[in-house]
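Going by our numbering, the sequence shown opens with residue 1439, and the numbers climb by one from there.
The C-beta atom is built at its ideal place from N, Cα and C for all residues, glycine as well.
Values in this document were obtained by computation on a predicted structure and should not be read as measured data.
Worksheet: one structure, shown below.
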Amino acid sequence: MLLDFSKYESPEKYCTSQTEFDKEVLDFLHLWRTSDHFTVQTSGSTGIPKAITHSKIAMQNSAKLTGEFFNFKKGETTLLCLPVNKIAGIMMLVRAVIWHLKLYTLPPKLELNFSELPIIDFAPLLPAQALQNFEQLQKIKTILLGGASLPRTLSQKIPKHPSRFFHSYGMTETISHIALCDLQQEQNHYRVLPNQKTVFASWGVQTTSLTAVD
């Protein structure tokens, strides 16, 4: 499914769900248009899974910071192949809305099929997805990895790959990532997103211990 936010303010009005995942995407977009707060379940990787509620304003600010970091442009192509009941998939949808991107969807499976996709400017992937589909990744210009640590076999493949690879630091509580590592330039060196304090202004999280790197 293609959602062209560069052409239509609400492209979901012109789409029909082809898969159960597409239906979930369209359901979230309807919720986005009609709600000011969103409850997301944490993954449980840092403790007992729990429900976290974020404001629309905070999510919009997070999406803006990511777009500024990666220099998003209206009409660029992006890919969503992550579940939209978790923060990573949700925030890719929000970025597409905020930055007027062309968003292609694929069901969030380990093995993906890029054969019918155009060249993709930006896509978030799980490390396991990147490793499983590595031979297809030349079709994606910039790849954001997150949700897990990087397997050694994947880390060894990345340096000479023509695509750009980043690894994220963040969690559901921080509305996706708050810092990013360029895996081909600065291994193990994470840069905090510029002006990231604005993400948390509406819900009181202290960020004084986070320092941006020039």
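Residue pairing of residue 1620 in beta bridges, as defined by DSSP: 1604. Taking residue 1492 as the centre and dropping the five residues before and after it, the same chain places the C-beta of 1476, 1613 closer than 6 Å to its C-beta, in chain order. Take the alpha-carbon of residue 1445 and the one of residue 1541: they are about 11 Å apart. Sequence-distant partners of residue 1510 (beyond 5 residues in either direction) whose C-beta falls short of 6 Å from its own C-beta, in its chain, are 1537. Taking residue 1524 as the centre and dropping the five residues before and after it, the same chain places no C-beta closer than 6 Å to its C-beta.
Annotated three-state conformation of residue 1452 is helix, per DSSP. Inside the region 1547-1621, DSSP marks whole beta strand (DSSP E) runs of 3 or more residues at positions 1558-1563, 1578-1583, 1602-1609, 1614-1620, from first to last along the chain. In this structure, 1567 is the residue among 1479, 1567, 1609 with its C-alpha nearest to the C-alpha of residue 1546. DSSP, read as helix, strand or coil, puts residue 1510 in coil. Boundaries cannot be given for residue 1443, as no alpha helix (DSSP H) includes it and DSSP labels it neither H nor E. Residue range 1489-1493 is occupied by the beta strand (DSSP E) that includes residue 1490. Nearest Cα to residue 1595 within the set 1512, 1543, 1522, 1569: 1569. Following the DSSP letters along the chain, one finds residue 1461 inside the alpha helix (DSSP H) bounded by residues 1458-1472.
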